[in-house]
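Asker: Numbering (UniProt numbering), first residue to last: 1 to 1119. Cβ coordinates follow ideal geometry from the N, Cα and C atoms, glycine included.
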Amino acid sequence: MDVKDISRIEFGLYSPEEIKAMAVCKIDNPKLSGFDEMPLPGSVYDRRMGSIDFETCLTCGLKKACPGHFGYIELALPILHPMYTKMIVAFLRCFCKKCYRLLLSEEQLTLAGLTRYKKERRFLKILEKLEKNDMCSHCSSPQPKILSKAKTNSIVKEHKQKKTEEKNAKISIEILPEEIKKIFDNILDEDVIMLGFDPERIRPRNLVLTVLPVLPPCSRPPVLADGNTCDDDLTFQYKEIVNINNQLFPKDESVTATAPTRGKNKPMTEQDRQKLIQSLKFKILTMFNNKQGKAKRPTDNRPIKSLKDRLAGKKGRIRCNLMGKRVNFSARTVIDAGPELKLNQVAIPFEVARILTKPETVNRYNIAWLQEVVNNNEANFIIKRKKDGTETRINLRYAMFRRGTDLLYGDIIVRGNVLFQEDKLGNVILPESEDELEVIHISEAKSVLLLKGDQVIRKKKIVKVSKNDTHSMKKGDIIVRGYSHTIRDSTAIPEPHGPIKVIHVINSNDVTLKEGDQLVRDGKLVDVTYPTPKNIKLCLGDVVERHLRGPEIRNGRMAPGDVVLFNRQPTLHKGSMMAKEVVPGNHKSFRFNLAATKSFNADFDGDEMNIHVPQSYEAEVELRMLSATQHNMISGQESKPNIVIVQDSLLAAYMMTIKNEKLTSDQFHDVASKGTRVDGSPLWNEHRKNHIQRILKKHGKDPCVYNGRGLISLILPNTLYYENKNDAHPNEPTVKIYAGVLVEGAFNKKILGGSHNSLIQIIHKEYGVKTAANFIDNVQFITNNWLIIHGFTVGLKDCMITSEKSTTAIKDVLAKCYTKAQAIEETTQNPGICEVRVTAALNEAKDIGMRIATEAMSTDNNFLTTVNSGAKGDFFNIAQLTSLLGQQNLEGCRVTPVLNHGRRSLPHYPFGELDKERDYESRGFVRHSFIRGLSPEEFYFHAMSGREGICDTAMGTAKSGYIQRRIVKVCEDIQVRYDGTVRDAAGKIYQFAYGDNNLDPTQTVQVNGVQQICDIGRIATRLNASVEDEPESEDEEEEIKVEQQVVHSRAKEKLIKKIRAEFPRESIDETWNLRQLRQRLQTLQLANESSDEEEDENSDEEEIMVAEPEDEEDGNMSD
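1) Rounded to whole angstroms, what's the CA-CA distance from R354 to E378? Just pull it up for me.
2) Decide if the region 542 to 551 is in contact with the region 379 to 391; the criterion is three or more beta carbon pairs, one per stretch, under 8 Å apart.
3) According to the neighbour-count rule (16 or more other Cβ atoms, all chains shown, within 10 Å of its Cβ), is Q1003 buried or exposed?
4) Measuring CA to CA, which of Y767, T771, Y994 and P682 is closest to R977?
5) Measuring only the C-alpha atoms, how far is K160 from L127?
6) Given N748, which residues of its chain have a CB within under 7 Å of its CB, disregarding the five upstream and five downstream residues?
7) Please name the residue in Y14, H790 and A225 whose C-alpha comes closest to that of K662.
8) Terminal residues of the continuous beta strand (DSSP E) containing C230?
9) Can you give me the C-alpha to C-alpha distance between E732 and A1061, rounded to a whole angstrom?
10) Using three-state DSSP, classify R624 as helix, strand or coil.
11) Report buried or exposed for S490, applying the criterion of at least 16 other Cβ atoms within 10 angstroms of its Cβ.
12) Please name the residue, chosen from T981, F197, K770 and P144, that lies closest to I171 on a Cα-to-Cα basis.
13) Following the continuous beta strand (DSSP E) through A337, name the residue where it begins and the one where it ends.
14) Quick one: what does DSSP say E1066 is sitting in, helix, strand or coil?
15) For P39, write down the residues that DSSP places opposite it in a beta bridge.
16) Who are the near neighbours of V373 in its chain, counting only those whose CB is closer than 6 Å to its CB and skipping five residues on each side?
17) Does DSSP put K811 in a helix, in a strand, or in coil?
18) Can you tell me which residues form a DSSP beta bridge with residue 1166?
19) On a CA-only basis, which of I931, F930 and S935 is nearest R918? Give me that one, please.
20) Can you look up F95 in the DSSP assignment and give me helix, strand or coil?
21) Shortest alpha-carbon distance to F876 belongs to which of V898, N900, N289 and I848?
22) What separation, rounded to the nearest whole angstrom, lies between the Cα atoms of residue 1161 and Q888?
23) Could you have a look at E17 and say whether DSSP puts it in helix, strand or coil?
24) When the distance is taken between beta carbons, is W786 closer than 9 Å to A652?
25) Taking the beta carbon of L207 as the centre, do at least 16 other beta carbons fall within 10 Å, making it buried, or is it exposed?
26) Can you look up M323 in the DSSP assignment and give me helix, strand or coil?
27) If you check the beta carbons only, do L842 and A821 fall under 9 Å apart?
28) Could you give the residue range of the alpha helix (DSSP H) that holds N690?
29) Classify R927 as helix, strand or coil using the three-state DSSP reduction.
30) Rounded C-beta distance between S589 and T333? I'm assuming under 8 Å.
31) Taking the alpha-carbon of E270 as reference, which of Q247, M287 and D1015 has the nearest alpha-carbon?
32) Can you give me the C-alpha to C-alpha distance between Y100 and G196, rounded to a whole angstrom?
33) Using 8 Å as the cut-off, can you tell me whether the region 573 to 582 makes contact with the region 614 to 629, which would need three or more C-beta pairs spanning the two stretches below that distance?
34) Looking only at its own chain, which residues have a Cβ that is under 8 Å from the Cβ of V242, when we skip the five neighbours before and after it?
35) Count Cβ pairs between the region 176 to 185 and the region 7 to 21 that sit closer than 8 Å; are there 3 or more?
36) Please say whether N757 and D1015 have beta carbons closer to each other than 9 Å?
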């Protein structure tokens, strides 16, 4: 069979003839089953339509594999298709009711320019043209206006009355389905083509139902509930339609007509017939669409689930079962923070790593490693490919071991060292009675013939022995001989503690016997056969489905971990799905680096996330090259970083750089050792240290490296030049980085966060994704470990304003705002303007109180530190905590009095006039802070405002989510093609260049508020600074080397002369370095017996050692 691409999909309507040809039986029996409870022929469960149990289908001969076959119901009269009422009205407006031709001729369509449109668009344009046309172009007959009446679910035609005195007098007449069918039956295919439709797909006459298709039973199976069988809603509707339809048929045409409701001998009146017709229309309508819930089950009064309900919507077949189906090779669990993980890593539980597998094809390069993986029981399946093309899937859980004793439900496995008493079994397994037990103590080594049921105890452990065989016994062994040992009480088996483990078998597939296990079945010990391992040899071309593995050393080099797709729903942008390398661990949650929380919009308060394991090399390459975290660091929407420093790391970076506290040498080196460069080398080395000291000296700063800024400078690129004003430091408002050294300023959210031209974006733009990812990793590793040394906490003192002056100032501001608001109420007549001005006056109290509270806090206030760093909170939160909450609004206004005809807002307030404070408090003004506590009335108003915010958030999320979904569905086929144009699947051009400039938003930077491909000013500054600094740096390094060589040579000559002068017989090797010469001199001096000479020599040695600054730890620091 030739395989071709699908070019398009067309939908149409079945004609009555096609429905009958497709169906396998006619449904005309309202009964479901006979006396033998078997489905009756012609019923809605006719076995020719397929079986819903293990019975054989009478049409195809299959059982459960039967796909089902349609039936049909021959309707007694035409019924308009309830899902196409608008389409029927549109067709009626297009065709003449007398000659049945299109109202516009082909010449008129051409002159109007409508023939240039195609398909549905032409149809809509013709409808617009016909709105003002009331006469047929073929027979010149006047045309009525066609309208649809939703209340009566009918279609009417309106005629203008000419012989009446009233203007615009109209008469409405309902168009019966029979009349509509007559019109549609006489429509020519040529006219349908002129409307833009294909008559093979849609004919107007198919919009009138005369034959109703019946779904096969497998699409509407009965439901078993509480031992009773309940028919599906569609089955119930089909049965009702058949019953009513049979009553509407004439007696001579009805096959299985039921008895008339009005008696056997009394004929059916026209009124009864009309009721049955309306009932039939209602049943068919609600079977297709029961949106209003009018059709209900008679048993429980529940609205039936119609066909539209099953297909459309979020829980319908399309979105829920087809587009939203569950997938294999995926896992889901709660997420947790992993600050020790790198940006591109995700820690997964061992259980997940053992269940989810990755296929590896065996080749000559990896066969040895994969064989080791299989032997270590780190794979689940092997797929063997035979020469004939067939495949055999081997489950290693069972194939790796020869089968041992089968485990049954209720078995108990005692695993570990089971202890015994001296002469009888201990507290785990006890005999029924002492008399049935014979204990033989072995006093010397000898061979003993063991009988069936004997147990050998050696060093208080049961020894595995061969039954009915001679066994070599050792001194101290005990033979327990007797009947089968029965456990008297299940409590005799100890709880799992120490080396003993008790396993209760529930599912034998989850438990495997191990060597030394004892099996208790029905209270008795059972002889067991332990599973023994087998060797499975791999061949080239086999596929091994191995466990997920983390980074490891393989063949002498570090191999990366397996990659998975990490996703958090809702998936709003590409940053919601990023690839990460797995790190299996002994935990039950997914853990990842905190810098990615912004991109995922995740927090760790119970959120869950998914991982998806790629099953092909192509998918893995796409994940590593396109979806990896380091390749999605910049948002394509705003050209700002998606991966940012948050919370603890951001706070520590701020504290490290604003205080710049010194560290001891041990602390500094311990923190610096946590990070590495891109190539894996350590951050600290002498060259980097000298470079930092030289730059600091050049800018007149303290050359000490052992501080917070020194640690930050270690992780910056050597050629980085950066300036950004952030006002984080009171004396240094601008962050300045010169040649990769932090010269001044403090890091905060503007520098390390998701703002334009942040440090992360600059490094990403100028140094690439690897350097940027390494920088983010190092910032977190260093700041977190620095925070462990220094710590950070918030106490009660940080939440209070201790200055009486500030407290008094806040009270004065409140009094002034009350007075101002009262004056506004007395002088403003317009109530709307008055309310706006009063609200503004009261909000001034909150703003001024916030400023006073902030200024009253000391610079070392920890709450203020979190706000200034950008790690958490803002100044409004500080004001709420320390000064006042301010006015609480509902729907944008103050709280409106609604009790007692608008006289009170809460029953707590009296009916009379209130003082100023109580008056404004009754309208929602809260003058207390959280630290002081709210009064009951204030708490109530604050809760009202908070509840409104929660409701608005929930409603806004649903509304915005649906808007975004509609936009996504409209634009999902639009893509940037290789020629740079933006097109959809049909080739329609939306833009000749993406964004009209063909620039990638993730690679642009903002310069003076405009997105540019690069910052020319930064590039020029960087080049100039590097050129100016490079020669000076080389000269200084050369001077330092020369000076060190001169000092070393002088000190070496002096030591050699001293040794030769004091010890002329001693031979000196001039190739020795300073350390060797000094050690030799000390050895010779210790051998000298004269203490006076020893003191002189020590003083000379001190002079020599002064000339050796490289051996002193702090020598370079003092330069």
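Answerer: Judging by the given coordinates:
1) Against the sequence shown, residue 354 aligns to sequence position 354. Against the sequence shown, residue 378 aligns to sequence position 378. So the two alpha carbons sit approximately 7 Å from each other.
2) yes
3) Position 1003 of the sequence shown, counting from 1, holds the residue named residue 1003. Burial call: exposed.
4) As a first step, residue 977 must be located in the sequence shown, where it is residue number 977. Closest option to R977, Cα to Cα, is Y994.
5) Reading the sequence shown from its first residue, position 160 is the one you call residue 160. Reading the sequence shown from its first residue, position 127 is the one you call residue 127. Cα to Cα, the separation comes out at about 21 Å.
6) Locating residue 748 in the sequence shown gives position 748, counting from the first residue. Cβ within range, chain order: Y654, N726, A728, N868, S869 and G870.
7) Indexing the sequence shown from 1 puts residue 662 at position 662. Looking at the Cα atoms, H790 is the closest of the given residues.
8) Numbered from 1 along the sequence shown, position 230 holds the residue referred to as residue 230. Per DSSP, C230 belongs to the beta strand (DSSP E) from N228 to C230.
9) Residue 732 sits at position 732 when you count from the first residue of the sequence shown. Residue 1061 sits at position 1061 when you count from the first residue of the sequence shown. If you take the alpha carbons of E732 and A1061, they lie about 59 Å apart.
10) Stepping through the sequence shown from its first residue, residue 624 is reached at position 624. If DSSP states are grouped into helix, strand and coil, R624 belongs with the helices.
11) Within the sequence shown, the letter at position 490 stands for residue 490. Legend: pLDDT at S490 = 39, less than 50; position of this residue unreliable, value from coordinates given subsequently. When all chains shown are included, S490 counts as exposed.
12) Along the sequence shown, read from residue 1 onward, the residue named residue 171 stands at position 171. Minimum Cα distance to I171 is reached at P144.
13) In the sequence shown, counting from the first residue as 1, residue 337 sits at position 337. Looking at the DSSP string, the run of the beta strand (DSSP E) that includes A337 is S330 to A337.
14) Here residue 1066 refers to the residue found at position 1066 when the sequence shown is read from its first residue. Reduced to three states, the DSSP call for E1066 is coil.
15) Your numbering for residue 39 matches position 39 in the sequence shown. Looking at the DSSP assignment, P39 forms a beta bridge with S33.
16) Counting from 1 along the sequence shown, the entry for residue 373 is found at position 373. The residues are A379 and R546.
17) As a first step, residue 811 is located in the sequence shown; it is residue number 811 there, counting from the start. If DSSP states are grouped into helix, strand and coil, K811 belongs with the helices.
18) One cannot answer for residue 1166 here, as it falls past the ends of the chain, which runs 1 to 1119.
19) Your numbering for residue 918 matches position 918 in the sequence shown. Selected option, being the one with the closest Cα: S935.
20) Reading the sequence shown from its first residue, position 95 is the one you call residue 95. F95 falls in the strand class under three-state DSSP.
21) Numbered from 1 along the sequence shown, position 876 holds the residue referred to as residue 876. When only C-alpha atoms are compared, the closest one is I848.
22) There is simply no residue 1161 to check, as the chain begins at 1 and stops at 1119 in what is shown.
23) Within the sequence shown, numbered from 1, the residue matching residue 17 stands at position 17. Here E17 sits in helix by DSSP.
24) If you number the sequence shown from 1, residue 652 lands on position 652. If you number the sequence shown from 1, residue 786 lands on position 786. Result yes, Cβ atoms of A652 and W786 sit closer than 9 Å.
25) Here residue 207 is taken as the residue at index 207 of the sequence shown, counted from 1. Buried.
26) Here residue 323 refers to the residue found at position 323 of the sequence shown. Coil at M323, not helix or strand.
27) Taking the first residue of the sequence shown as position 1, residue 842 is located at position 842. Taking the first residue of the sequence shown as position 1, residue 821 is located at position 821. Yes.
28) Numbered from 1 along the sequence shown, position 690 holds the residue referred to as residue 690. Note, N690: alpha helix (DSSP H), E686 to K698.
29) For the purposes of this step, residue 927 is taken as residue 927 along the sequence shown, with counting starting at 1. Coil at R927, not helix or strand.
30) As a working mapping, residue 589 is identified with position 589 in the sequence shown. As a working mapping, residue 333 is identified with position 333 in the sequence shown. At roughly 6 Å, the Cβ-Cβ gap stays under 8 Å, so S589 and T333 are in contact.
31) Residue 270 sits at position 270 when you count from the first residue of the sequence shown. Answer by Cα proximity: Q247.
32) To locate residue 100, count along the sequence shown from 1; it is residue 100. To locate residue 196, count along the sequence shown from 1; it is residue 196. Cα-Cα distance, rounded: 17 Å.
33) yes
34) Residue 242 sits at position 242 when you count from the first residue of the sequence shown. If we look at V242 and ignore the five residues flanking it on each side, its Cβ neighbours are I27, D28, N29, P30, V44 and I73.
35) no
36) Here residue 1015 refers to the residue found at position 1015 when the sequence shown is read from its first residue. Here residue 757 refers to the residue found at position 757 when the sequence shown is read from its first residue. Yes, the pair counts as a contact, with Cβ atoms nearer than the cut-off.
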